[in-house]
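Below is one structure, written out as structure tokens, with a few remarks after it.
Chains as they are written, first to last, in this note's numbering: chain A, 173 to 287; chain B, 194 to 305.
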């Protein structure tokens, strides 16, 4: 089936650890995105990538890093510098970037909890 | 930056009743998206509106974008338990390259 796969669904992180959330899509989409969702705050954009080997900071990039070595993959690393990482993380993709008529599709999300 | 205001924040509706959710932008909307989310799950795309005055329907859900392209409404007719969830509106910037800006969502509860 075509879609966006996020893993793991649930992840626990100890203080001071870096963790990586996986996002894979088989939709042949050029653009990929990472959002963070907190209760009462809606979705906020962390990073986005319009094409392989290129990515841009979103509204809340501090404490996060990404890579885009392959078209289908856009992993997100939550570093120890992120002060409040407990949240629901959503990966998304769209066929191309730079066109406001694109539909953006979402994965099922990953829960990250700091313990 | 563009801000989206959704109202109401939460809504409890008796099964079978109609309801409307609103999304208002501080700037002109170049693309307005409606999504539905079950708590703790991904977003499901419902509809996208681009032109002033545009209206789209899917099953019992109708979305409209006003002529000035600054407000959208989502209307559900004869609500069912399956309609319960969080409804989010998202807006594209002029170029759309940097993803969508989202409202905070409307929590819809359907009472049997």
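Don't be surprised by glycine CBs; every beta carbon is placed ideally from N, CA and C.
Would you say residue i reaches chain A, if we count a Cβ-Cβ gap shorter than 8 Å as a contact?
| i | result |
| --- | --- |
| residue 234 of chain B | yes |
| residue 245 of chain B | no |
| residue 278 of chain B | no |
| residue 249 of chain B | no |
| residue 281 of chain B | yes |
| residue 293 of chain B | yes |
| residue 209 of chain B | no |
Using a 10 Å radius around the Cβ and a threshold of 16 neighbouring Cβ atoms, would you call residue i buried or exposed?
| i | result |
| --- | --- |
| residue 218 of chain A | buried |
| residue 265 of chain B | buried |
| residue 292 of chain B | buried |
| residue 245 of chain B | exposed |
| residue 276 of chain B | buried |
| residue 229 of chain B | buried |
| residue 231 of chain B | exposed |
| residue 269 of chain B | buried |
| residue 262 of chain B | buried |
| residue 223 of chain A | exposed |
| residue 218 of chain B | buried |
| residue 212 of chain A | exposed |
| residue 237 of chain B | exposed |
Assuming the contact rule is C-beta atoms closer than 8 Å, residue i and residue j should be a hit. Round their C-beta distance to whole Å, please.
| i | j | result |
| --- | --- | --- |
| residue 284 of chain B | residue 212 of chain B | The pair is not a contact, with the Cβ atoms about 22 Å apart (cut-off 8 Å). |
| residue 238 of chain A | residue 206 of chain A | 7 Å |
| residue 249 of chain A | residue 192 of chain A | 5 Å |
| residue 194 of chain A | residue 247 of chain A | 5 Å |
Consider the Cβ of residue i: report whether some Cβ of chain B lies at a distance smaller than 8 Å.
| i | result |
| --- | --- |
| residue 258 of chain A | no |
| residue 262 of chain A | yes |
| residue 267 of chain A | no |
| residue 188 of chain A | no |
message: Short of 7 Å Cβ to Cβ, which residues in the stretch 198 to 218 of chain A face chain B?
response: 205, 212, 213, 214, 215 and 217
message: Check whether the stretch 292 to 305 of chain B and the stretch 200 to 214 of chain B are in contact - that is, three or more C-beta pairs closer than 8 Å.
response: yes
- request: Check each residue of the stretch 226 to 241 of chain A: if its Cβ is closer than 8 Å to any Cβ of chain B, include it; give the result in chain order.
  value: 228, 230 and 231
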